[in-house]
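A.B. asks: Please read through the structure below; I'll follow up with questions.
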Amino acid sequence: NLKFPISINAEPCITLKGGRGNLYLYYIPRRDIKSLYFNIYVSFKSVNFPVRKEVICRGSDDDYSFCRALKGGKHSIRITLRIEYNTL
């Protein structure tokens, strides 16, 4: 769907207490990728946790093959997300 160029899916469903899972991201870039990052906002029972910024592509010395991808190409990214909140 070009109206929403980014699709995100988490499998299995991630729980906050000792949870672990995979985050899948599929997107069609509307412009060349020079830098890519995302911010994670977590809220649980009205408690807001600190924002975490994850930088994926910096523009130099990038670890991922999709960095510097050109506009219009289709790319799939698999990111392993580990969450462990044993006190919740």
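Okay, so the sequence shown: first residue is 13 according to the working numbering, each after it adds one. Virtual Cβ for every residue (Gly too), placed ideally from N, Cα, C. A quick note: this is a predicted structure, and the numbers were derived from the prediction, not measured.
1) Our contact map puts Ile52 next to Arg70 with C-beta atoms below 8 Å; I'd like the distance itself, whole angstroms only.
2) Put Ser77 into one of helix, strand or coil per three-state DSSP.
3) Hey, how far is the Cα of Val54 from the Cα of Lys46?
4) Does DSSP put Arg64 in a helix, a strand or coil?
5) Val59 by DSSP, collapsed to three states: which one?
6) Quick check on Ile45: does DSSP put it in helix, strand or coil?
C.D. replies: Reading off the structure:
1) Incorrect: roughly 18 Å between the Cβ atoms, too far for contact.
2) Look at Ser77 here: in three-state DSSP terms it is coil, with no helix or strand label.
3) A straight line joining the alpha-carbon of Val54 with that of Lys46 spans about 27 Å.
4) Arg64 falls in the strand class under three-state DSSP.
5) In the structure shown, Val59 adopts extended strand secondary structure according to DSSP, grouped into three states.
6) In this structure, Ile45 counts as coil in the three-state DSSP scheme.
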